[in-house]
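Student: Quick note: the sequence shown uses the numbering used here, first residue 161, plus one each step. Here it is, the structure in full.
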Amino acid sequence: FVAVCVSHSMAAASGSSSWWGGWWSSTPAQETEVAYEVEEPSEGEAVPQAKATWQMDTTTKEQEKEWRQLLSGLARGYDVTKMLIPAGFLRPKSTLECLAAHMQHGKLLEAIPKAESDVDRLIAVTRWHISGLIREVFDGKKPYNPVLGETSVWAFDHGDAAVGKTKMVCEQVSHHPPISALYISNPALGIEVTGSMETGAKFNGNSIAVPFGDRKLTLTGSKEHYLMTMPTMQFRGLFFGSRGAEWVGKVVVWCKQTELVCEMEFLPLGFLGMWGEWHRVTGHVRHHKKDNEALIWTIEGQWDQQLTLTHIASGATQVMYDFEEAAQTKATPRVPSSKAPLPTDSMTVWGKVTAALLAGDVRTANVEKQTVEQRQRDLRVKEKEMGEEFKPRWFAHKAGTWEATEEARLFQKNEM
161 FVAVCVSHSM AAASGSSSWW GGWWSSTPAQ ETEVAYEVEE PSEGEAVPQA KATWQMDTTT
221 KEQEKEWRQL LSGLARGYDV TKMLIPAGFL RPKSTLECLA AHMQHGKLLE AIPKAESDVD
281 RLIAVTRWHI SGLIREVFDG KKPYNPVLGE TSVWAFDHGD AAVGKTKMVC EQVSHHPPIS
341 ALYISNPALG IEVTGSMETG AKFNGNSIAV PFGDRKLTLT GSKEHYLMTM PTMQFRGLFF
401 GSRGAEWVGK VVVWCKQTEL VCEMEFLPLG FLGMWGEWHR VTGHVRHHKK DNEALIWTIE
461 GQWDQQLTLT HIASGATQVM YDFEEAAQTK ATPRVPSSKA PLPTDSMTVW GKVTAALLAG
521 DVRTANVEKQ TVEQRQRDLR VKEKEMGEEF KPRWFAHKAG TWEATEEARL FQKNEM
């Protein structure tokens, strides 16, 4: 019921990414499995398995036994992020660090300001947006839940002096509810991206759904704003049926200024995996006006392979997104920041836990994990005694969203 990122372009550079507490949501998780009343397969009975393009389940029999015991007593609808998890279930990485997957195919940002038409620009924004989706597999582990005030900073090299680096800062801005915020910018491209996620993972009986929130991409020159929703990550087949991780639900990329919208549906596999295809997507690009909602392009394919556009008027087709091509040619390697890590950086906060896990010392990892958590409790008590309230370093809550502050921009300019 837990996962690791195996995307081609990021795996070698950054290790694995994982789901639990992993990305960010402003909307509640929704169950997406088809509801049919069927008799559960008996022990040892084979269930037809849908084929996938990569291995999505690497758990051993022992791991499967452990996490099934962990989940077996949960009520349907329970938020599994509230569970106390021993270090043996942890992956040596903070959820906050997993946000860097947004830039795994970051060179696709470069096409956005070059687009010749409003429609082409919307498609370019959508292409970059979905390029941040990662190929997940079950591995029986989860990343650390970020502590309040934890930070993570990344710079991504485009390999072109004219483009420079795209910089990203992330921060855990709230603990109740747990919320992670991100800010990405590249002044040379005139692009800024903000987003946040309220962590949640809903247990649905045979699956767990993890929503990932919303993003906003701004072109600073034209002042165009693209509001982008994320699909939900669903981990299915926990007890029976095809087991794997799939992105499901509706994805919308909308620009108010150009009155255009791209709408896509990430379709779940059929019940128990007995029909359908993994990772199938359908959708369209259309006008978004009161007097004109005409379709311009339709979208069809599988996000982990290739998505194809078909023009409504002419019937012409073109590739919208090719995962393999993007992995081979559009990667932006992470490069270190020019300054020393902050005391609040994920790698500093969890450093001793990570070292113990990598050494295979689960007992010490548990002790160090408890030390991190107790330090946070003590800090909150101290703040309460002094009448202080936690204030995020780089983000402010405005009109229902988390926006980057001027301090975030100055940090990227002067410290990265």
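Even glycine gets a Cβ: it sits at the ideal position worked out from N, Cα and C. Please read all numbers here as calculations on a predicted model, not as lab measurements.
1. To which residues of the same chain is N346 closer than 6 angstroms at the C-beta, ignoring the five residues directly before and after it?
2. Below 9 angstroms between beta carbons: does that hold for A247 and L517?
3. Put H318 into one of helix, strand or coil per three-state DSSP.
4. Using a Cβ-Cβ cut-off of 7 angstroms (strictly less than) and excluding sequence neighbours within five positions of R287, which residues of its own chain qualify?
5. Use the C-beta contact count for L244: other C-beta atoms within 10 angstroms, 16 or more gives buried, fewer gives exposed.
6. For the beta strand (DSSP E) that contains L427, what are its first and last residues?
7. Span of the beta strand (DSSP E) holding N346?
8. Closest by CA to P252, which one among W227, T241, K302, E460?
9. With DSSP collapsed to three states, give me the class of L379.
10. Between the segment 218-235 and the segment 505-512, are three or more C-beta pairs nearer than 8 angstroms?
11. Unbroken beta strand (DSSP E) runs of length 3 or more, entirely within the segment 507-576: which are they?
12. Helix, strand or coil for T326? Go by DSSP, reduced to three states.
13. From V513 to V527, what distance separates their C-alpha atoms?
14. So, helix, strand or coil for T286, using DSSP?
15. Nearest to E157 by alpha carbon, out of L250, S334, D239, L293?
16. Can you tell me which of G547, G520, V297, Q462 puts its alpha carbon nearest to the alpha carbon of G443?
17. In terms of residues, what are the limits of the alpha helix (DSSP H) holding W590?
18. Taking the alpha carbon of L398 as the point to measure from, which residue in E543, S367, K362, S356 has its own alpha carbon closest?
19. State whether the segment 276-287 contacts the segment 409-417, with contact taken as three or more CB pairs (one from each stretch) at a distance under 8 angstroms.
20. So what does DSSP say about R494, is it helix, strand or coil?
21. From what residue to what residue does the alpha helix (DSSP H) around A405 run?
22. What does the alpha-carbon distance come out to for the pair A568 and L379?
23. Within this structure, are the beta carbons of M357 and G381 separated by less than 9 angstroms?
24. Report the residue from H336, A348, F395, L427 whose alpha carbon sits nearest the alpha carbon of K242.
25. So what's E437 in DSSP terms, helix, strand or just coil?
26. Please state whether DSSP places A235 in a helix, a strand or coil.
27. Any idea if G409 is buried or exposed, counting beta-carbon neighbours within 10 angstroms, 16 or more meaning buried?
28. Please list, in chain order, all residues of the same chain as A322 whose beta carbon is under 8 angstroms from its beta carbon, the five residues on each side excluded.
29. Going by other Cβ atoms of all chains shown within 10 Å of its Cβ, with 16 needed for buried, is R295 buried or exposed?
30. Excluding the 5 residues flanking V194 on each side, which residues of the same chain have their C-beta closer than 8 angstroms to its C-beta?
31. Starting from the Cα of E566, find the closest Cα among R553, T392, L469, T220 and give me that residue.
32. Just the Cα atoms here: how many angstroms apart are G436 and M390?
33. Rounded to whole angstroms, what is the Cα-Cα separation between L420 and T470?
34. Rounded to a whole number of angstroms, what is the C-alpha to C-alpha distance between Q223 and F400?
35. On the DSSP letters alone, give me the boundaries of the alpha helix (DSSP H) that Q264 sits inside.
36. Where DSSP assigns a beta bridge to R281, which residues make up the other side?
Tutor: On the basis of the data shown:
1. Counting only residues of its own chain and dropping the five nearest sequence neighbours on each side, N346 has a CB closer than 6 angstroms to the CB of T326.
2. A contact, by the Cβ cut-off of 9 angstroms.
3. coil
4. L268, M480, Y481
5. exposed
6. 420-427
7. 338-346
8. K302
9. strand
10. no
11. Fully enclosed beta strand (DSSP E) runs of no fewer than 3 residues occupy 555-558, 561-564 of the segment 507-576, in order along the chain.
12. In the structure shown, T326 sits in a strand (DSSP, three-state: E or B).
13. If I take the Cα positions, the gap works out to 8 angstroms.
14. Shown here, T286 sits in a helix according to DSSP, grouped into three states.
15. Given a span of 161 to 576 for the chain in the structure shown, any question on residue 157 remains unanswerable.
16. Q462
17. Nothing about residue 590 can be reported from this structure: the residues present for the chain run from 161 to 576 only.
18. If we check each option's Cα against that of L398, S367 comes out closest.
19. yes
20. Strand at R494.
21. A405 -> not in any alpha helix (DSSP H); beta strand (DSSP E) instead, spanning 404-415.
22. 18 angstroms
23. Their beta carbons are not under 9 angstroms apart, which means M357 does not touch G381 by this criterion.
24. H336
25. coil
26. coil
27. buried
28. A348
29. A residue is called buried once 16 or more other Cβ atoms fall within 10 Å of its Cβ, and R295 is buried on that count.
30. Bear in mind that the predicted position of V194 carries a pLDDT of just 31, short of 50, making it unreliable; the figure below should be weighed with that in mind. Within the same chain, V194 has close Cβ partners P428, G430, F431.
31. R553
32. 22 angstroms
33. Take the alpha-carbon of L420 and the one of T470: they are about 17 angstroms apart.
34. 15 angstroms
35. Here Q264 belongs to no alpha helix (DSSP H), and DSSP marks it neither H nor E.
36. BP columns for R281 are empty, so no partner.
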